[in-house]
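*Asks:*
Number of protein chains: 2
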Amino acid sequence: MTDAIPGFYAVVPAGGAGTRLWPLSRAGAPKFLHDLTGSGRTLLQGTVDRLLPLTGPGGVLVVTGARHQAAVQEQLPEVRPQDVLAEPSPRDSMAAIGLAAAVLEQRHGDVVLGSFAADQVIDGAQEFGRAVREGVEAARAGHVVTVGIAATGPSTAFGYVRSGQPLGIAGAPSVRHALGFTEKPDAETAAAYLATGEYRWNAGMFIVRARTLLDHLAAQLPALHDGLREIAAVWDAPERDEVLARVWPTLTRIAIDHAIAEPVAAAGGVAMVPGDFTWDDVGDFASLAELLPEAPEGDGARTLGEEALVLRIDATGALVVPSSGRAVTVIGVPDAVVVDTPDALLVTTRACAQQVKGGVDGWRARGRDDLL
Amino acid sequence: MTDAIPGFYAVVPAGGAGTRLWPLSRAGAPKFLHDLTGSGRTLLQGTVDRLLPLTGPGGVLVVTGARHQAAVQEQLPEVRPQDVLAEPSPRDSMAAIGLAAAVLEQRHGDVVLGSFAADQVIDGAQEFGRAVREGVEAARAGHVVTVGIAATGPSTAFGYVRSGQPLGIAGAPSVRHALGFTEKPDAETAAAYLATGEYRWNAGMFIVRARTLLDHLAAQLPALHDGLREIAAVWDAPERDEVLARVWPTLTRIAIDHAIAEPVAAAGGVAMVPGDFTWDDVGDFASLAELLPEAPEGDGARTLGEEALVLRIDATGALVVPSSGRAVTVIGVPDAVVVDTPDALLVTTRACAQQVKGGVDGWRARGRDDLL
Numbered sequence: 001m002t003d004a005i006p007g008f009y010a011v012v013p014a015g016g017a018g019t020r021l022w023p024l025s026r027a028g029a030p031k032f033l034h035d036l037t038g039s040g041r042t043l044l045q046g047t048v049d050r051l052l053p054l055t056g057p058g059g060v061l062v063v064t065g066a067r068h069q070a071a072v073q074e075q076l077p078e079v080r081p082q083d084v085l086a087e088p089s090p091r092d093s094m095a096a097i098g099l100a101a102a103v104l105e106q107r108h109g110d111v112v113l114g115s116f117a118a119d120q121v122i123d124g125a126q127e128f129g130r131a132v133r134e135g136v137e138a139a140r141a142g143h144v145v146t147v148g149i150a151a152t153g154p155s156t157a158f159g160y161v162r163s164g165q166p167l168g169i170a171g172a173p174s175v176r177h178a179l180g181f182t183e184k185p186d187a188e189t190a191a192a193y194l195a196t197g198e199y200r201w202n203a204g205m206f207i208v209r210a211r212t213l214l215d216h217l218a219a220q221l222p223a224l225h226d227g228l229r230e231i232a233a234v235w236d237a238p239e240r241d242e243v244l245a246r247v248w249p250t251l252t253r254i255a256i257d258h259a260i261a262e263p264v265a266a267a268g269g270v271a272m273v274p275g276d277f278t279w280d281d282v283g284d285f286a287s288l289a290e291l292l293p294e295a296p297e298g299d300g301a302r303t304l305g306e307e308a309l310v311l312r313i314d315a316t317g318a319l320v321v322p323s324s325g326r327a328v329t330v331i332g333v334p335d336a337v338v339v340d341t342p343d344a345l346l347v348t349t350r351a352c353a354q355q356v357k358g359g360v361d362g363w364r365a366r367g368r369d370d371l372l
Numbered sequence: 001m002t003d004a005i006p007g008f009y010a011v012v013p014a015g016g017a018g019t020r021l022w023p024l025s026r027a028g029a030p031k032f033l034h035d036l037t038g039s040g041r042t043l044l045q046g047t048v049d050r051l052l053p054l055t056g057p058g059g060v061l062v063v064t065g066a067r068h069q070a071a072v073q074e075q076l077p078e079v080r081p082q083d084v085l086a087e088p089s090p091r092d093s094m095a096a097i098g099l100a101a102a103v104l105e106q107r108h109g110d111v112v113l114g115s116f117a118a119d120q121v122i123d124g125a126q127e128f129g130r131a132v133r134e135g136v137e138a139a140r141a142g143h144v145v146t147v148g149i150a151a152t153g154p155s156t157a158f159g160y161v162r163s164g165q166p167l168g169i170a171g172a173p174s175v176r177h178a179l180g181f182t183e184k185p186d187a188e189t190a191a192a193y194l195a196t197g198e199y200r201w202n203a204g205m206f207i208v209r210a211r212t213l214l215d216h217l218a219a220q221l222p223a224l225h226d227g228l229r230e231i232a233a234v235w236d237a238p239e240r241d242e243v244l245a246r247v248w249p250t251l252t253r254i255a256i257d258h259a260i261a262e263p264v265a266a267a268g269g270v271a272m273v274p275g276d277f278t279w280d281d282v283g284d285f286a287s288l289a290e291l292l293p294e295a296p297e298g299d300g301a302r303t304l305g306e307e308a309l310v311l312r313i314d315a316t317g318a319l320v321v322p323s324s325g326r327a328v329t330v331i332g333v334p335d336a337v338v339v340d341t342p343d344a345l346l347v348t349t350r351a352c353a354q355q356v357k358g359g360v361d362g363w364r365a366r367g368r369d370d371l372l
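Chains A and B, in that order, are what the protein sequence lines are. Going by the UniProt record's numbering, the first residue of the first sequence is number 1, and it counts up by one from there. Going by the UniProt record's numbering, the first residue of the second sequence is number 1, and it counts up by one from there.
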């Protein structure tokens with residue numbers, strides 16, 4: 001179980017601003033470039049650490065924005081420069097993953113690829129590896145495979161995937177038919193989902209043969225498919241910049257969920273492999289607080305950074321991020337969220353964690369793009 | 001009414017750390033050195049601005065700690081260097097005011113002095129002047145005169161003075177007997193006080209002839225009296241440093257309220273002049289918030305500093321002090337108090353304003369004296 005999987009490549013889309021983690025996450029230094037768990041590794045590094053044993057050396061491709069290329073390469077010395085694909089501008093996840101699939105097919109033929117976002121936190125490497133191995137077997141059999149995460153509660157922050165009958169694929173005993181995907185539900189709906197035993201969280205992970213993916217794309221969005229194939233054909237050639245400059249701006253912006261997963265699931269082509277590991281997309285500060293270990297003082301307090309810089313009085317459950325080096329004192333604000341950075345300070349509560357995006361919008365409206 | 005009062009000198013004790021206004025107020029830059037109202041003048045400057053028209057030029061004496069002498073002189077170019085008395089170490093208000101009285105008597109004979117703390121905010125200069133003028137007349141008649149402030153509510157943050165019959169002093173028609181002083185009461189007691197119509201807030205202002213004060217001191221605390229007289233005798237002579245070094249450390253630490261006001265009131269020697277101006281001692285951030293004008297956005301929000309640095313969302317009544325230049329965002333914390341300074345950040349609420357001292361104690365316990 002610890003060997004690399006032959007013919008398997010991992011694609012890591014490293015994009016997304018992580019706006020609800022502002023001001024820790026910024027446009028210039030988004031979420032995936034940060035160590036949000038105090039592990040000593042950034043989310044991007046943690047993602048690659050998890051995947052390299054499954055692919056073997058040279059088996060991880062990162063797709064990121066041109067402005068983050070240098071930072072990504074600096075954080076990942078074990079990933080070769082040619083395996084960091086830089087997008088000239090954001091074109092959403094279908095273009096990112098489709099480009100990686102087309103480049104992999106160009107370089108290596110009809111391999112299996114697995115796409116895993118750079119900004120998720122997973123605990124349980126062995127179970128993760130087992131799920132991926134089964135997923136690769138199901139992908140070889142022609143399915144688009146998604147990973148369904150065992151829900152720990154009726155979350156309204158995630159989408160769900162509904163599973164059907166086992167598919168009986170050799171080497172992939174737990175893989176089932178995926179009947180469909182749902183958007184983030186309300187609390188009542190989420191509870192009803194879990195009561196059926198058929199629903200799991202949709203982590204946005206996909207495992208699929210490069211050609212299967214490109215064939216589905218050709219059927220659903222032929223122009224996007226043709227554009228990506230045209231770019232991939234010259235990716236490792238001198239014409240890359242010219243073709244990128246001409247074609248990339250014309251590509252359709254669409255998420256892989258809408259472009260492929262949903263229509264293919266409706267046609268019966270998606271499988272689900274259950275993943276019984278701990279997973280979180282660290283979507284906001286409430287979620288981040290849950291991932292951190294409790295501070296020495298107890299009371300549900302959490303610190304991301306140097307504990308000596310934080311003083312809490314009557315502030316049970318308060319999350320403090322003292323990342324400017326200043327002393328932070330919180331008095332009488334239970335469940336406070338205080339994020340202290342050199343140029344911007346956020347004060348909110350866990351319950352308001354989803355509203356943080358409004359702060360970013362507010363500063364943008366005032367023309368303070370330097371803070372975004 | 002706008003002329004200076006002949007033979008009247010003002011004493012401004014500029015001491016006290018203002019711990020409950022930390023981290024704005026620090027041991028090295030206490031409350032009175034700050035502009036806490038956004039007026040463009042510090043509390044100390046505002047105090048002297050109010051007094052100079054009543055004394056005339058050269059009539060204000062400031063008593064402060066040696067470590068603040070330079071800052072005080074820099075803020076008060078209109079006060080001559082010899083009129084800033086520097087205490088080698090804190091010896092509480094009786095020593096500070098007693099020293100000023102003895103130095104004034106040494107320099108000018110038996111003048112009337114009025115003592116007004118450097119860290120109070122007053123609105124209503126004309127009414128303040130009227131009260132002082134009447135107070136000076138009562139002082140000339142031999143009384144220790146205190147100013148009783150018209151209470152705007154049953155505050156538990158202030159002490160009270162109870163008034164008796166009018167004294168019928170010429171030129172001081174509103175001056176009454178002062179029956180006694182009370183410590184800060186509980187809410188019920190405060191309400192009962194106000195219901196009688198006899199009680200006013202004790203602002204800690206005293207107007208008295210220098211010799212009257214020194215005679216009371218000689219009767220109550222002869223050693224302290226003798227020490228202060230010995231120091232004052234050489235204050236303007238070469239021996240000052242030698243005598244200060246020898247005598248000052250021996251002086252009794254006691255507040256003027258306990259040393260003089262209370263025992264003399266009990267003996268019938270204290271008068272009260274009513275002051276119907278707006279007064280506050282800016283004791284904590286809740287009090288500070290009330291003194292500031294509402295921010296343009298309304299909702300009870302207050303900003304001490306640059307409005308453009310503050311973004312509030314669902315944070316009605318929040319007080320923000322953006323004094324480090326960083327952008328401050330407050331989301332979903334009504335009545336928040338956020339004080340942002342270059343090396344320390346405080347997050348609390350108006351309701352917890354009195355607990356701020358606990359934060360200072362906490363950092364002291366951790367050995368972070370640099371923050372105090």
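For each residue, glycine too, the CB sits at the ideal point set by N, CA and C.
Enumerate in chain order the residues of its own chain whose CB-to-CB distance from B/A17 is below 7 Å, with the five nearest sequence positions on each side excluded.
*Replies:* Counting from 1 along the second sequence, the entry for residue 17 of chain B is found at position 17. Cβ neighbours of B/A17 beyond the five flanking positions: S25, A27 and P30.
*Asks:* Counting pairs of beta carbons, one from the region 198-215 of chain B and one from the region 139-146 of chain B, are three or more of them closer than 8 Å?
*Replies:* Contact between the region 198-215 of chain B and the region 139-146 of chain B is present, because at least three Cβ pairs lie under 8 Å.
*Asks:* Once DSSP output is grouped into helix, strand and coil, what is the label at B/V247?
*Replies:* On the second sequence, position 247 is the one that residue 247 of chain B refers to. Note: B/V247 maps to helix in three-state DSSP.
*Asks:* Please tell me whether B/R368 has its Cβ less than 8 Å away from any Cβ of chain A.
*Replies:* Locating residue 368 of chain B in the second sequence gives position 368, where the first residue counts as 1. So yes, B/R368 belongs to the interface.
*Asks:* I want to verify the contact list: residues of chain B whose CB lies under 8 Å from the CB of A/D343, in sequence order.
*Replies:* Looking up residue 343 of chain A in the first sequence gives position 343. Simply R326 and A327.
*Asks:* Looking at C-beta atoms only, is the number of pairs between the region 345-364 of chain A and the region 61-79 of chain B that lie closer than 8 Å three or more?
*Replies:* Not touching, per the Cβ criterion.
*Asks:* Is there a C-beta anywhere in chain B that falls below 8 Å from the one on A/L346?
*Replies:* If you number the first sequence from 1, residue 346 of chain A lands on position 346. So yes, A/L346 belongs to the interface.
*Asks:* When you compare only the Cα positions, how much space is there between A/G135 and A/V247?
*Replies:* Taking the first residue of the first sequence as position 1, residue 135 of chain A is located at position 135. Taking the first residue of the first sequence as position 1, residue 247 of chain A is located at position 247. Rounded to the nearest angstrom, the two C-alpha atoms are 33 Å apart.
*Asks:* Cβ atoms of B/A301 and B/A286: under 8 Å apart, would you say?
*Replies:* Position 286 of the second sequence, counted from the first residue, corresponds to residue 286 of chain B. Position 301 of the second sequence, counted from the first residue, corresponds to residue 301 of chain B. No.
*Asks:* Over the uninterrupted beta strand (DSSP E) stretch that includes B/T348, give me the two end residues.
*Replies:* By one-based count along the second sequence, residue 348 of chain B stands at place 348. Here the beta strand (DSSP E) through B/T348 covers A344 to T349.
*Asks:* Using a beta-carbon distance below 8 Å, is A/L21 in contact with chain B?
*Replies:* Translated into positions along the first sequence, residue 21 of chain A becomes position 21. No, A/L21 does not count as interfacial toward chain B.
*Asks:* By the DSSP assignment, the beta strand (DSSP E) with A/S115 in it spans what residues?
*Replies:* Here residue 115 of chain A corresponds to residue number 115 of the first sequence, with the count starting at 1. From DSSP, the beta strand (DSSP E) with A/S115 extends over V112 to S115.
*Asks:* Return the chain-ordered list of same chain residues with a C-beta closer than 6 Å to the C-beta of A/L217, the five sequence neighbours on each side being excluded.
*Replies:* Your numbering for residue 217 of chain A matches position 217 in the first sequence. Within the same chain, A/L217 has close Cβ partners G98 and H225.
*Asks:* In three-state terms, what does DSSP make of A/W363?
*Replies:* Locating residue 363 of chain A in the first sequence gives position 363, where the first residue counts as 1. In the structure shown, A/W363 sits in a helix (DSSP, three-state: H, G or I).
*Asks:* Taking 8 Å as the threshold, find out whether the region 169-178 of chain B comes into contact with the region 122-137 of chain B through three or more Cβ pairs.
*Replies:* With the cut-off at 8 Å, the region 169-178 of chain B and the region 122-137 of chain B touch.
*Asks:* Starting from the C-beta of A/M1, find all residues in its chain whose C-beta is less than 6 Å away, skip the five residues before and the five after it, and write them out in chain order.
*Replies:* Sequence index remark: in the first sequence, residue 1 of chain A carries index 1 (1-based). In this prediction, A/M1 scores a pLDDT of 47, lower than 50, which makes its location untrustworthy; no coordinate-derived value is stated.
*Asks:* In whole angstroms, what separates the C-alpha of A/C352 from that of B/R130?
*Replies:* Taking the first sequence and counting its residues from 1, one reaches residue 352 of chain A at position 352. Taking the second sequence and counting its residues from 1, one reaches residue 130 of chain B at position 130. Computed Cα separation, rounded: 52 Å.
*Asks:* Below 9 Å on C-beta distance, what does B/Q106 contact in chain A?
*Replies:* Along the second sequence, read from residue 1 onward, the residue named residue 106 of chain B stands at position 106. Chain A residues near B/Q106: none, gap ~46 Å exceeds 9 Å.
*Asks:* Less than 8 Å between the beta carbons of A/W235 and A/V103, yes or no?
*Replies:* Counted from its first residue, the first sequence places residue 235 of chain A at position 235. Counted from its first residue, the first sequence places residue 103 of chain A at position 103. The answer is yes: Cβ separation under 8 Å.
*Asks:* Quick check: the region 83-92 of chain B against the region 192-206 of chain B, are there 3 or more CB pairs under 8 Å?
*Replies:* They do not touch, by the three-pair rule.
*Asks:* List the residues that DSSP assigns as beta-bridge partners of A/A86.
*Replies:* Working through the first sequence from its first residue, we reach residue 86 of chain A at position 86. DSSP output for A/A86 lists A/T64 as bridge partner(s).
*Asks:* Quick test of the definition: if touching needs 3 or more C-beta pairs under 8 Å, does the region 310-327 of chain B touch the region 265-272 of chain A?
*Replies:* They do not touch, by the three-pair rule.
*Asks:* Starting from A/Q220, find everything on chain B with Cβ-Cβ shorter than 8 Å and list it in chain order.
*Replies:* Here residue 220 of chain A refers to the residue found at position 220 of the first sequence. Chain B residues near A/Q220: none, gap ~40 Å exceeds 8 Å.
*Asks:* What residues from chain B crowd round A/L311, counting only those whose CB sits closer than 8 Å?
*Replies:* Residue numbering aside, residue 311 of chain A sits at position 311 when the first sequence is read from its first letter. Chain B residues near A/L311: G359, G362, W363 and R366.
*Asks:* Please list the partners that B/T349 has in chain A, where partner means a Cβ-to-Cβ separation under 7 Å.
*Replies:* Sequence index remark: in the second sequence, residue 349 of chain B carries index 349 (1-based). Within chain A, the residues near B/T349 are G332 and V333.
*Asks:* In or out: residue 441 of chain B buried (at least 16 other Cβ within 10 Å) or exposed?
*Replies:* Only positions 1 to 372 of chain B appear in the structure, and residue 441 of chain B is not among them; the question remains open.
*Asks:* With a threshold of 8 Å between beta carbons, is B/A336 in contact with chain A?
*Replies:* By one-based count along the second sequence, residue 336 of chain B stands at place 336. For B/A336, the answer is yes, since a Cβ of chain A falls inside 8 Å of its Cβ.
*Asks:* Could you work out which residue in B/I149, B/R240, B/A195 and B/T212 is closest to B/E127 when comparing CA atoms only?
*Replies:* Numbered from 1 along the second sequence, position 127 holds the residue referred to as residue 127 of chain B. Nearest C-alpha to B/E127: B/I149.
*Asks:* Go ahead and label B/Q120 buried or exposed: buried means 16 or more other beta carbons lie within 10 angstroms of its beta carbon, across all protein chains shown.
*Replies:* Start at 1 with the first residue of the second sequence, and residue 120 of chain B comes out as number 120. Buried, by the Cβ-count rule.
*Asks:* Using a Cβ cut-off of 8 Å (strictly closer), state whether B/D299 contacts chain A.
*Replies:* On the second sequence, position 299 is the one that residue 299 of chain B refers to. Closer than 8 Å: no.
*Asks:* For a quick check, are the C-beta atoms of A/L251 and A/G283 less than 8 Å apart?
*Replies:* Position 251 of the first sequence, counting from 1, holds the residue named residue 251 of chain A. Position 283 of the first sequence, counting from 1, holds the residue named residue 283 of chain A. Contact: no.
*Asks:* For the beta strand (DSSP E) that B/G275 lies in, which residues bound it at each end?
*Replies:* The residue labelled residue 275 of chain B in the question sits at position 275 within the second sequence. Counting along the chain, the beta strand (DSSP E) containing B/G275 begins and ends at V270 to G275.
*Asks:* Note down the Cα distance separating A/P81 from B/A295, rounded to an integer number of angstroms.
*Replies:* For the purposes of this step, residue 81 of chain A is taken as the residue at position 81 of the first sequence. For the purposes of this step, residue 295 of chain B is taken as the residue at position 295 of the second sequence. Computed Cα separation, rounded: 52 Å.
*Asks:* Only counting the same chain, and skipping five residues up and downstream in sequence, which positions put a Cβ closer than 7 Å to that of A/D276?
*Replies:* Translated into positions along the first sequence, residue 276 of chain A becomes position 276. The residues are E127 and A150.
*Asks:* Rank A/D370, A/I231, A/L194 and A/A289 by C-alpha distance to the C-alpha of A/P342 and give the top, closest one.
*Replies:* Position 342 of the first sequence, counted from the start, is the residue given in the question as residue 342 of chain A. It is A/D370.
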